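Enquirer: Structure in structure tokens, see below.
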Amino acid sequence: MVQLRDEDSGSAQRRLIQLSNALPSFDPGRFVQTSRQDVKPSAHLVVSLLRIPQVIHSSTPKRRTKHCPPDQASGITICSRDVLPVYKDWEEKRSTVLHSAMSIPRFPNRRATYMRPHQWHSAPVVGIRTLPPELILHIFEDVLGPTTFGNIDLDDPDRYGPTRWLPLRRVCRHWRELADKYCPALWQTIDITRKREWMELCLANSKEMGLHLQFPAEYPEGERRNSGGQPRFEPGPEESVVLPLTHAQRIQSVWVSGEKAIEQLGKLRDLFTMPLPRLEELRVTMRAESIVFDGPVLTEILDIDSRRLPALRMLVLDGVYIPWSSGILRNLRALKIVYTASSDPRYCMTLRQFLRALGACQALQYLSIFMSDTWCQENTASPGDAITLPNLRLVEITSLSAQMDAVDELFHVLAHVRFPEHCCINLSTESQTPFRYNQLVPNDVQCFPVLGSATEAVWGGRARFSCRTAPRSGGSTRGELVVNVDCIGDWEFHTNPLITYHDGRPILHPYASMPDTNPEGTLAAFCSYLSRARLTKLTLQYSELISEGAYLSAFRVFPYLVELVLDYRQQQRASSRAEIGRALRALAGQIGPSPGALAARTGEVPLPNLRILRFRDVFWYNELPNHVQQCQWVRQSHGAAPLQVDFGRPRM
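All letters in the sequence shown, in the order written, are residues 1241 to 1892 by our numbering.
Take a look at the structure:
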């Protein structure tokens, strides 16, 4: 039972229509939609509607809720970000809004001023059935939360997610009836390790909607892995599973998670011997912490046949291997294979065989693969073996090696793949020697068109660089290339602790070490990659030992640059003034510490089209504005336009 104001005019549906007239952005017709993705905004709106009486205060204008500024004309506190936009004719709509909002059943709010505490017990009450059923059902689905179906980035299923809404079912008989008969989306996700009675209840109440099966089984924490990352727990009682074999045609996704579940993956054999015409998503994940060599092979445990799985579009494997020759990969749109490798001679292949298998996956839009030094026997291929994947939108390739440098093996693969221009590509690998950009990524615009059409770029110092294109006309899709080469070779330990900064806050690394090499080689390689692009924005992250000449050479490569960002978040205070001085002198076309030491080409300064200069996390010193002003004077004396300088939030 809830308390609300007494009102005899009209039904609850009529009151919602009155509220919709006062709020143009509110559409009661959205309450009857069936798709969960479509009703999600309405579900948030329902929660906001129930909060309307809490954010309107007519008698105490000085009192207002957090983040809700008072309306200057009427003195009423409104929450424009949640429900109520600020209207110029608010006085005309106030009475209608108050009348409709006060009519929605709610729990008493002690902060509300229109009902005094002594009036709560004497206020008229009505049954909970007064709420429209459509409103309650959307509240149920909002409590259930977003579906995991189709989200490839999820690493671990929420085991309690499918039953999080069960307390709502126990509120009263009316809510139980609504959940059981009129909201089949609550019953779609089924944990097959639960009792058969629960399985039958889910199958009955989900009606004809698609089913999402989960098979979660983990070993106890702390007993799961040994020092090598492999399971060490002695197998105990097996998990009992209940398979909905009679409803196999309704299954849309299967998610097996945990080492214990993967060891008992054979319990699903009976399911995969049947036709699964609606199965779109298959996940088998163990959340591996390291490379799982010679782990379980999916096709050896389950009879995966593309003829019985015609609708399969997403395959996610973590710690589980699948041969690239498997026919199930041909029609996939999303493929993720991580932390797995096999040294079995039956599954080893040449580079030409791998390219042929990958090129057959023409429908791929998302590709995330892990490559180790055991996947390929030889890495030679001819130019005629190049493949094109025109539908790719996101690519993540990680290459780690236990015995050899992983840069070489990845280079031969990338040299034979033609990526689309508007594709996000993330490449990560390890190298025993630093600054091997040019030996990892082919400097070829046929392989990476983004290198020739990029408009923004970031040089991340020793190990990272990225670039991206402008959005497509009429859309927001951008092509992007991110390269990360982690050096695992010779390192020099620094006696002084390394300090980095995140959002202006210092982070101490007392045991950090850095390679004792000059980073100017990576800056030159970065410029050679993007020399064909018309960059308009460039970010240079701080790296020590960069001379004025190296900065000046880099600036000469990008004459169309409009915005330059100097990022000093990893800078040490002791070297801040010298590093900033070298960058400013190069920006003014000077070589050497004296103001009169101009570059050889005194007729022009670098970056003639530059208009904006930004500093990020720079250490402030008193002479910094004078040094920037001196750089401005030199540039303007040679015909350059004045710069708009932004110091951001400097560190003092």
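In this text, a Cβ means the ideal position worked out from N, Cα and C, and glycines have one as well. Since the structure is predicted, the reported quantities are computational estimates derived from the model, not experimental observations.
Please state the DSSP three-state secondary structure of Y1791.
Expert: Note: Y1791 maps to helix in three-state DSSP.
Enquirer: Could you check if P1865 is buried or exposed, using at least 16 other CB atoms within 10 Å of its CB as the buried criterion?
Expert: Exposed, by the Cβ-count rule.
Enquirer: Tell me the residue span of the beta strand (DSSP E) that contains Q1781.
Expert: Per DSSP, Q1781 belongs to the beta strand (DSSP E) from 1777-1781.
Enquirer: If we ignore side chains and look at the alpha-carbon of each, how far apart do A1574 and L1453 end up?
Expert: Distance between the alpha carbons of A1574 and L1453 is about 19 Å.
Enquirer: Is C1664 helix, strand or coil by DSSP?
Expert: DSSP places C1664 in strand when its eight states are reduced to three.
Enquirer: Counting only the same chain and skipping the five closest in sequence on each side, list residues whose C-beta sits under 6 Å from that of E1521.
Expert: Taken in chain order, the residues that qualify are S1493, M1554.
Enquirer: Below 8 Å, how does it come out for the region 1841-1857 and the region 1790-1801: are there three or more Cβ pairs, yes or no?
Expert: The region 1841-1857 vs the region 1790-1801: in contact.
Enquirer: Given this structure, state the Cα-to-Cα distance separating I1577 from A1655, to the nearest angstrom.
Expert: If you take the alpha carbons of I1577 and A1655, they lie about 21 Å apart.
Enquirer: Inspect the CB distances between the region 1562-1573 and the region 1533-1545 and report whether three or more fall short of 8 Å.
Expert: Because the criterion of three Cβ pairs below 8 Å is met, the region 1562-1573 and the region 1533-1545 touch.
Enquirer: Would you check if the distance between the CB atom of R1518 and the CB atom of I1491 is smaller than 8 Å?
Expert: Yes, they are a contact pair.
Enquirer: Using only CA atoms, which one of V1690, S1622, A1488 lies nearest to L1511?
Expert: Among V1690, S1622, A1488, the Cα nearest to that of L1511 belongs to A1488.
Enquirer: Can you give the Cα-Cα distance for Y1808 and Q1884, rounded to whole angstroms?
Expert: Each residue's alpha carbon lies about 19 Å from the other.
Enquirer: Which residues bound the alpha helix (DSSP H) around P1373?
Expert: Segment 1373-1384, the alpha helix (DSSP H) holding P1373.
Enquirer: By the three-class DSSP mapping on this structure, what secondary structure does L1522 have?
Expert: DSSP places L1522 in strand when its eight states are reduced to three.
Enquirer: Go ahead and pull the three-state DSSP assignment for D1431.
Expert: Strand, per DSSP.
Enquirer: Quick one: complete alpha helix (DSSP H) runs, 4+ long, within the region 1571-1636?
Expert: Fully enclosed alpha helix (DSSP H) runs of 4 or longer: 1591-1599.
Enquirer: Would F1455 and W1495 be called neighbours here (beta carbons separated by less than 8 Å)?
Expert: Yes, the pair counts as a contact, with Cβ atoms nearer than the cut-off.
Enquirer: For R1485, count the other beta carbons within 10 Å of its own beta carbon; 16 or more makes it buried, fewer makes it exposed. Which is it?
Expert: Reading off the sequence, residue 1485 comes out as Leu, not Arg. When all chains shown are included, L1485 counts as exposed.
Enquirer: Any chance the region 1412-1419 sits against the region 1435-1444, with 3 or more Cβ pairs inside 8 Å?
Expert: The region 1412-1419 is not in contact with the region 1435-1444.
Enquirer: Which of helix, strand or coil does DSSP assign to W1873?
Expert: Note: W1873 maps to helix in three-state DSSP.
Enquirer: Rounded to the nearest angstrom, how far is the Cβ of W1405 from that of F1389, given a contact under 8 Å?
Expert: Not confirmed; about 16 Å, so no contact.
Enquirer: With a threshold of 8 Å on Cβ separation, who are the neighbours of I1376 within its own chain once the five nearest residues in sequence on each side are excluded?
Expert: W1415, L1418, listed in sequence order.
Enquirer: How long is the line joining the alpha carbons of Y1587 and L1508, rounded to whole angstroms?
Expert: Whole-angstrom Cα-Cα distance: 24 Å.
Enquirer: Select from V1858, G1879, V1481 the residue whose C-alpha is nearest the C-alpha of G1888.
Expert: The option with the nearest alpha carbon to G1888 is V1858.
Enquirer: Please report the straight-line C-alpha distance between R1856 and L1806, rounded to a whole angstrom.
Expert: So the alpha carbons of these two residues sit roughly 6 Å apart.
Enquirer: Can you give me the Cβ contacts of A1603 inside the same chain, cut-off strictly under 7 Å, excluding the 5 residues immediately before and after it?
Expert: Result list for A1603: N1571, L1572, R1573, N1631, in chain order.
Enquirer: For L1824 and I1637, what's the separation of their Cα atoms in angstroms?
Expert: Distance between the alpha carbons of L1824 and I1637 is about 37 Å.
Enquirer: Determine whether the beta carbon atoms of L1792 and A1826 lie at a separation below 8 Å.
Expert: Cβ distance < 8 Å, so L1792 and A1826 count as in contact.
Enquirer: Would you mind working out which of S1639, S1787, G1879, M1514 sits nearest L1680, comparing C-alpha positions?
Expert: Comparing Cα positions, the closest option is S1639.
Enquirer: Check the Cβ-Cβ distances between L1847 and every residue of chain B, and say whether any is below 8 Å.
Expert: In the displayed structure, chain B is absent; only one protein chain is listed.
Enquirer: By the three-class DSSP mapping on this structure, what secondary structure does V1725 have?
Expert: If DSSP states are grouped into helix, strand and coil, V1725 belongs with the strands.
Enquirer: Which residues does DSSP pair with R1658 in a beta bridge?
Expert: Answer by DSSP bridge pairing, in chain order: T1628.
Enquirer: How about Q1830 and V1874: do their beta carbons lie closer than 8 Å?
Expert: Cβ atoms of Q1830 and V1874: closer than 8 Å.
Enquirer: Just the C-alpha distance for L1443 and K1435, rounded to the nearest angstrom, thanks.
Expert: Whole-angstrom Cα-Cα distance: 13 Å.
Enquirer: In terms of residues, what are the limits of the alpha helix (DSSP H) holding R1854?
Expert: Element bounds for R1854: not the alpha helix (DSSP H) but the beta strand (DSSP E), 1852-1856.
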